[in-house]
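*Asks:*
Chains as they are written, first to last, in the working numbering: chain A, 1 to 332; chain B, 333 to 664.
Written out as structure tokens, the structure is:
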């Protein structure tokens, strides 16, 4: 038993163990949960060129899968420029009457460096398709093109432009991982600027604390098969994005922001998510600030697994919950 | 890296690690999180007499702490019999006007064997004190006095009697662990009986699946310093309670029940909780059944840590959330 004793000072020693694949998730989700840790995850890019190769390889895979997803979701995608910022308009084949005057804005994930151009679209396409919403997906600037606060500024610029033609009370903002953090940071920035806040937000497993504080950074290390480690690729990428800025800046780590006055929020995570703590910490801070905030946590899922397979019932469930939440809080 | 590879068939091998105590919870909660695993947790009672000694030792510690808690919470406690079932009436010194016609019913935790008599009262006392509600705490029969379904029958009997004098729409039911499972099972039984359901329920980290299905039985094994292991004391106790009945019976493992038509529910857990999966699985099943159900998960907490120290801000926060939830859904 000596291997499992601990003291307050030293922490808790946990022995090696083998985790079976949980049997209650859908077969599609079980397959994702059973995926091995990405080989070579310990090898971090050491140069801009190494980052470029990695980002492009991931983007290529996503772009190849995108036409199929767009067809299944029955949406159209149009590139555009909004106040000088690259973006895509994602439109369902038919928009339900209730959503005709509503608009969602999407910030894609990818640790602030992945998902350039169309590679950032899958979540926006699923939201438009599953939810029947018009979506603007912001193709915000990323390293090496630009660093913090460029991504945030691009998001804020598109948001400010969007609420000129669609009243903010009919606008929702959503995104996962870095996109979840940007969703929160955009609201913080909008508060500072004194412009109208969106009617509701949906930050999915947000990178709300890139200082690596959060208990599940430890408990789910080497268990989350997407992010894998607090010292992994996403941590390195966030530092590239921050480019020397204080990582505790609430516009980079929004869990440190003043969340009072925030619009209703729905947060999503999984029991194996490395960012489960950073999701529930934001949820608690929102509730402490008196904000209407709901949390959904899915059995066995690692970081953002709900975006990986549009045929999984859990994926449908996540978007159905977010859609119902937006339907509840966005004016028609 | 060989130690962290896995296949779908074999599961994921996770190496040994040391978990620091998370720094964002309150000092009181950090102290609970830093507590060592109970020594001797692997030694399970082998006879009725060994169970009795263990239960009595725990009960004695709780009874010693109870007068202080009752004084701090400013409540009174009166033993009573309700339709032949032992119970306690826990009354706040002053009941807010909004709660005068409302009533809560409490089912204590303790793996169906711990917490006899006054030792089952702390959660009821905190609910009455923090929330300003009148509470009936059911001192349901436990082994070796009686086995499944005695505890459930006692709870149902008190509930049926309570709603004769207080309309069910003004009644809430709550409890943690075994008490969370009993809360769910009472609603399942009330549905079967065709009697009015409570207006809202608050199952805290419910023992919703005693078949040991649930991913966090594995991921949080030897991390949760309260329940410790899926093969620990609570599992052994649940089997004593079930006394040979099918553990998948929804009245024993309510996650397998038909949760449609359930009243609004608020569920509570922690990121280190061995029953986090069993909490979120109930949450998802409630949502899938169209039930208004909210989830709160607290950073770093093991099973039911929110009941251990009434001075911890997190304890106050849990009861404030549950109180607000009851206030929202119970008619005045």
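All C-beta atoms, glycine included, are put in the ideal place defined by N, C-alpha and C. Since the model is a prediction, treat every value here as computed from it, not as a measurement.
By the 8 Å beta-carbon criterion, what residues does the segment 197 to 226 of chain A contribute toward chain B?
*Replies:* Residues passing the 8 Å Cβ filter: 213, 214, 215, 216, 218, 219, 220, 221, 222, 223 and 225.
*Asks:* Distance check for residue 188 of chain A and residue 487 of chain B, CA to CA, integer angstroms please.
*Replies:* For the purposes of this step, residue 487 of chain B is identified with residue 155 of the second chain, where counting begins at 1. For the purposes of this step, residue 188 of chain A is identified with residue 188 of the first chain, where counting begins at 1. Going from the Cα of residue 487 of chain B to the Cα of residue 188 of chain A covers about 48 Å.
*Asks:* Examine chain B for any beta-carbon lying closer than 8 Å to the beta-carbon of residue 311 of chain A, and answer yes or no.
*Replies:* For the purposes of this step, residue 311 of chain A is taken as the residue at position 311 of the first chain. Not an interface residue.
*Asks:* Could you tell me whether the segment 523 to 543 of chain B touches the segment 621 to 639 of chain B, using the rule of 3 or more Cβ pairs below 8 Å?
*Replies:* Enough Cβ pairs lie closer than 8 Å, so yes.
*Asks:* Can the beta-carbon of residue 490 of chain B be found closer than 8 Å to that of residue 415 of chain B?
*Replies:* Within the second chain, residue 490 of chain B is the residue found at index 158, counting from 1. Within the second chain, residue 415 of chain B is the residue found at index 83, counting from 1. Going by C-beta atoms, residue 490 of chain B is nearer than 8 Å to residue 415 of chain B.
*Asks:* What are the uninterrupted segments assigned as beta strand (DSSP E) that are 3 or more residues long and contained completely in the segment 388 to 424 of chain B, given in chain order?
*Replies:* Qualifying beta strand (DSSP E) stretches, in chain order: 407 to 414 and 417 to 424.
*Asks:* Can you list, in chain order, the residues of its chain whose CB lies under 7 Å from that of residue 474 of chain B, leaving out five sequence neighbours each side?
*Replies:* Counted from its first residue, the second chain places residue 474 of chain B at position 142. Taken in chain order, the residues that qualify are 444, 445, 448 and 483.
*Asks:* At the level of alpha carbons, what is the spacing between residue 44 of chain A and residue 87 of chain A?
*Replies:* What you label residue 44 of chain A is simply residue 44 of the first chain in a count that begins at 1. What you label residue 87 of chain A is simply residue 87 of the first chain in a count that begins at 1. Cα to Cα, residue 44 of chain A sits roughly 29 Å from residue 87 of chain A.
*Asks:* Scan the segment 262 to 289 of chain A for residues whose Cβ lies nearer than 8 Å to a Cβ of chain B and list them as they occur along the chain.
*Replies:* Residues passing the 8 Å Cβ filter: 271, 272, 276, 277, 280, 281, 283, 284, 287 and 288.
*Asks:* Could you check if residue 243 of chain A is buried or exposed, using at least 16 other CB atoms within 10 Å of its CB as the buried criterion?
*Replies:* Locating residue 243 of chain A in the first chain gives position 243, counting from the first residue. It is exposed - the Cβ of residue 243 of chain A has fewer than 16 other Cβ atoms within 10 Å.
*Asks:* Based on the DSSP secondary-structure assignment, which residues constitute the bridge partners of residue 615 of chain B?
*Replies:* Residue 615 of chain B sits at position 283 when you count from the first residue of the second chain. Beta-bridge pairing links residue 615 of chain B to no other residue.
*Asks:* Please state whether DSSP places residue 372 of chain B in a helix, a strand or coil.
*Replies:* Working through the second chain from its first residue, we reach residue 372 of chain B at position 40. Residue state, collapsed to three classes: coil.
*Asks:* Report the three-state DSSP secondary structure of residue 21 of chain A (helix, strand or coil).
*Replies:* The residue labelled residue 21 of chain A in the question sits at position 21 within the first chain. Here residue 21 of chain A sits in coil by DSSP.
*Asks:* Candidates B:497, B:567 and B:459: which alpha carbon is nearest residue 423 of chain B's?
*Replies:* Taking the first residue of the second chain as position 1, residue 423 of chain B is located at position 91. Nearest option by C-alpha distance: B:459.
*Asks:* Considering residue 160 of chain A, what are the terminal residues of the alpha helix (DSSP H) in which it resides?
*Replies:* Taking the first chain and counting its residues from 1, one reaches residue 160 of chain A at position 160. Element bounds for residue 160 of chain A: 150 to 165.
*Asks:* Consult DSSP for residue 5 of chain A and reduce its assignment to one of helix, strand or coil.
*Replies:* Stepping through the first chain from its first residue, residue 5 of chain A is reached at position 5. Any answer about residue 5 of chain A is weak, because its pLDDT of 47 lies below 50 and its placement is not dependable; what the coordinates show is given next. Looking at residue 5 of chain A - three-state DSSP - the assignment turns out to be coil, as it is neither helix nor strand.
*Asks:* Apart from the five residues just before and just after residue 75 of chain A, which ones in its own chain have a Cβ nearer than 8 Å to its Cβ?
*Replies:* Reading the first chain from its first residue, position 75 is the one you call residue 75 of chain A. Taken in chain order, the residues that qualify are 90, 91, 92, 93, 125, 128 and 129.
*Asks:* Would you list, in chain order, the members of the segment 341 to 366 of chain B that have their beta-carbon closer than 9 Å to a beta-carbon of chain A?
*Replies:* Going along the segment 341 to 366 of chain B in chain order, one finds 341, 342, 343, 344, 345, 346, 347, 348, 349, 350, 351, 352, 353, 354, 355, 356, 357, 362, 363, 365 and 366 with a Cβ nearer than 9 Å to chain A.
*Asks:* First and last residue of the alpha helix (DSSP H) that includes residue 124 of chain A?
*Replies:* Taking the first chain and counting its residues from 1, the one referred to as residue 124 of chain A is at position 124. Its alpha helix (DSSP H) spans residues 122 to 131.
*Asks:* Taking 8 Å as the cut-off, decide whether the C-beta atoms of residue 271 of chain A and residue 299 of chain A are in contact.
*Replies:* Locating residue 271 of chain A in the first chain gives position 271, where the first residue counts as 1. Locating residue 299 of chain A in the first chain gives position 299, where the first residue counts as 1. Yes, these two residues count as a Cβ contact at 8 Å.
*Asks:* Thinking residue 183 of chain A and residue 173 of chain A are a contact (beta carbons under 8 Å), I'd like their distance in whole angstroms, please.
*Replies:* The count along the first chain starts at 1 and reaches residue 183 of chain A at position 183. The count along the first chain starts at 1 and reaches residue 173 of chain A at position 173. Going by Cβ atoms, the distance from residue 183 of chain A to residue 173 of chain A rounds to 5 Å, so yes, they are a contact pair.
*Asks:* Quick check on residue 655 of chain B: buried or exposed, where buried means 16 or more other Cβ atoms within 10 Å of its Cβ?
*Replies:* Taking the first residue of the second chain as position 1, residue 655 of chain B is located at position 323. Result: buried.
*Asks:* Count the other C-beta atoms from every protein chain shown that fall within 10 angstroms of the C-beta of residue 353 of chain B, then say buried if there are 16 or more, exposed otherwise.
*Replies:* Mapped onto the second chain, residue 353 of chain B falls at position 21. Classification of residue 353 of chain B: buried, given that the 10 Å Cβ count is 16 or more.
*Asks:* Give a yes or no on whether 8 Å exceeds the smallest Cβ distance from residue 333 of chain A to chain B.
*Replies:* Here chain A has residues from 1 to 332 only, and residue 333 of chain A is not among them.
*Asks:* Along the segment 620 to 635 of chain B, where does the CB come closer than 8 Å to a CB of chain A? Name the residues.
*Replies:* Cβ contacts with chain A come from 620, 626, 627, 628, 629, 630, 631 and 632.
*Asks:* In whole angstroms, give me the CA-to-CA distance for residue 194 of chain A and residue 292 of chain A.
*Replies:* Walking along the first chain from the start, residue 194 of chain A turns up at place 194. Walking along the first chain from the start, residue 292 of chain A turns up at place 292. Their Cα atoms are separated by approximately 21 Å.
*Asks:* Can you list, in chain order, the residues of its chain whose CB lies under 7 Å from that of residue 147 of chain A, leaving out five sequence neighbours each side?
*Replies:* Along the first chain, one-based indexing puts residue 147 of chain A at 147. Taken in chain order, the residues that qualify are 241 and 243.
*Asks:* By how many angstroms is the C-alpha of residue 123 of chain A removed from the C-alpha of residue 557 of chain B?
*Replies:* Here residue 557 of chain B refers to the residue found at position 225 when the second chain is read from its first residue. Here residue 123 of chain A refers to the residue found at position 123 when the first chain is read from its first residue. If you take the alpha carbons of residue 557 of chain B and residue 123 of chain A, they lie about 38 Å apart.
*Asks:* Whose C-beta lies closer than 7 Å to the C-beta of residue 508 of chain B among residues of the same chain, with five residues either side of it excluded?
*Replies:* One-based indexing of the second chain puts residue 508 of chain B at position 176. So the qualifying residues of the chain are 441, 455, 536, 537, 636 and 639.
*Asks:* Taking Cβ-Cβ distances shorter than 9 Å, what residues in chain A pair up with residue 653 of chain B?
*Replies:* Position 321 of the second chain, counted from the start, is the residue given in the question as residue 653 of chain B. Here the neighbours are 287.
*Asks:* Tell me the start and end of each unbroken alpha helix (DSSP H) in the segment 172 to 258 of chain A that is at least 4 residues and wholly inside, in chain order.
*Replies:* As far as the segment 172 to 258 of chain A is concerned, its whole alpha helix (DSSP H) runs of at least 4 residues are 178 to 193, 216 to 219 and 233 to 242.
*Asks:* Between the alpha carbons of residue 386 of chain B and residue 542 of chain B, how many angstroms are there, rounded?
*Replies:* Position 54 of the second chain holds residue 386 of chain B. Position 210 of the second chain holds residue 542 of chain B. Looking at the two C-alpha atoms, the distance is approximately 21 Å.
*Asks:* Can you check which of these residues, B:364, B:594, B:629 and B:428, is closest to residue 532 of chain B by C-alpha distance?
*Replies:* Residue 532 of chain B sits at position 200 when you count from the first residue of the second chain. Minimum Cα distance to residue 532 of chain B is reached at B:594.
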